[in-house]
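S.K.: In numbering that gives the first Met the number 0, the protein residues as written are 0 to 173.
No residue lacks a Cβ here, since even glycine has one placed at the ideal position from N, Cα and C.
As the structure is a computational prediction, the values presented were derived from the model and not from experiment.
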Amino acid sequence: MGKCHSYAIPPREAAESSEYLKRRIFHLGLAYSLPATKERQLAKLTMKFLAISALLAGAAQAIQFLNDIPVGAYYSPGTEFVLEWEPEDRTDTFQLTIASFLTTPIITNPGQSQFPEYDFKVEGIVLGEDVKFSDGSFTWLIEPIDGRTGDEYYYSFQASYATTTESPRAFHLQ
Numbered sequence: 000m001g002k003c004h005s006y007a008i009p010p011r012e013a014a015e016s017s018e019y020l021k022r023r024i025f026h027l028g029l030a031y032s033l034p035a036t037k038e039r040q041l042a043k044l045t046m047k048f049l050a051i052s053a054l055l056a057g058a059a060q061a062i063q064f065l066n067d068i069p070v071g072a073y074y075s076p077g078t079e080f081v082l083e084w085e086p087e088d089r090t091d092t093f094q095l096t097i098a099s100f101l102t103t104p105i106i107t108n109p110g111q112s113q114f115p116e117y118d119f120k121v122e123g124i125v126l127g128e129d130v131k132f133s134d135g136s137f138t139w140l141i142e143p144i145d146g147r148t149g150d151e152y153y154y155s156f157q158a159s160y161a162t163t164t165e166s167p168r169a170f171h172l173q
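Next up, the structure:
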């Protein structure tokens with residue numbers, strides 16, 4: 000099921016230091032720049048944090064997937080997978096894709112920056128360009144992408160609309 004995370008700023012900690020906001024923004028994967036003064040820095044970080052909060056609040060309208068895909072699940076090629084979500088009374092659509100990626104990524108740039116770069120060898124196909132939110136389900140005849148099966152590869156559905164991408168739990172193909 001798609002989930003949304005929100006973060007609250009403890010008032011005392013936010014008032015004492017901008018370090019808390021920097022940690023929160025870093026945790027969310029965003030970059031920040033260091034302005035000339037601490038006050039301006041705190042103001043900029045606060046604005047970024049508020050913008051993130053607004054985006055996260057908008058994600059509450061996310062697709063609610065209903066499939067209970069167990070951790071480490073395997074599905075068989077040639078069978079049907081019925082992806083289900085809570086139908087919504089809306090007229091817009093989303094793009095549905097299936098992606099395959101390595102379980103263990105390849106480190107492509109181990110020491111050239113602060114963080115190593117990973118290559119998951121992601122490949123995907125579009126299953127539906129204009130899937131209706133109101134449909135509530137989509138049936139996929141399972142077939143591997145480029146023969147990718149077994150423990151080495153995960154598969155994951157991705158529903159993309161506006162600036163949002165939602166995914167249920169990943170799984171393997173036998």
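State yes or no: is the C-beta of residue 75 nearer than 7 Å to some heavy atom of the ligand MG?
M.R.: You won't find the ligand MG in this model; it holds no ligand whatsoever.
S.K.: Using the rule of at least 16 other Cβ atoms within 10 Å of the residue's Cβ for burial, across every protein chain shown, is residue 136 buried or exposed?
M.R.: Classification for residue 136: exposed.
S.K.: Touching or not, the segment 119 to 127 and the segment 161 to 172, by the rule of three or more beta carbon pairs under 8 Å?
M.R.: The segment 119 to 127, when compared against the segment 161 to 172, does not touch it at the 8 Å Cβ threshold.
S.K.: Helix, strand or coil for residue 166, going by three-state DSSP, please let me know.
M.R.: Here residue 166 sits in coil by DSSP.
S.K.: Just list the residues that DSSP pairs residue 118 with in beta bridges.
M.R.: For residue 118, which the question treats as bridged, DSSP gives the partners 105.
S.K.: Using a Cβ-Cβ distance cut-off of 8 Å, determine whether residue 63 contacts chain D.
M.R.: Structure shown: chain D not included; a single protein chain is present.
S.K.: For the beta strand (DSSP E) that contains residue 138, what are its first and last residues?
M.R.: That run of the beta strand (DSSP E) goes 136 to 140.
S.K.: Grab me the residues of residue 86's own chain with a C-beta within less than 6 Å of its C-beta, minus the 5 sequence neighbours each way, in chain order.
M.R.: If we look at residue 86 and ignore the five residues flanking it on each side, its Cβ neighbours are 133, 135.
S.K.: On the premise that residue 94 lies in contact with residue 127, defined as a C-beta separation below 8 Å, what is that separation, rounded to the nearest angstrom?
M.R.: So it is a contact: roughly 7 Å between Cβ atoms.
S.K.: Around the Cβ of residue 165, are there at least 16 other Cβ atoms within 10 angstroms (buried) or fewer (exposed)?
M.R.: That one is buried.
S.K.: Jot down the residue ranges of each uninterrupted beta strand (DSSP E) in the segment 70 to 107, minimum 3 residues, whole runs only, in chain order.
M.R.: Qualifying beta strand (DSSP E) stretches, in chain order: 79 to 83, 92 to 101.
S.K.: Please report the distance separating the alpha-carbon of residue 180 from that of residue 61.
M.R.: The displayed coordinates of the chain run from 0 to 173. Any statement about residue 180 would go beyond what the structure contains.
S.K.: Taking Cβ positions, are residue 144 and residue 99 nearer each other than 8 Å?
M.R.: Yes.
S.K.: Please go through the same chain and pick out, in chain order, the residues whose beta-carbon is closer than 6 Å to the beta-carbon of residue 78, but skip the five residues on each side of it.
M.R.: 141, listed in sequence order.
S.K.: What are the boundary residues of the beta strand (DSSP E) that residue 158 is part of?
M.R.: First-last of the beta strand (DSSP E) with residue 158: 152 to 160.
S.K.: Rounded to whole angstroms, what's the CA-CA distance from residue 117 to residue 152? Just pull it up for me.
M.R.: For residue 117 and residue 152, the distance between alpha carbons rounds to 15 Å.
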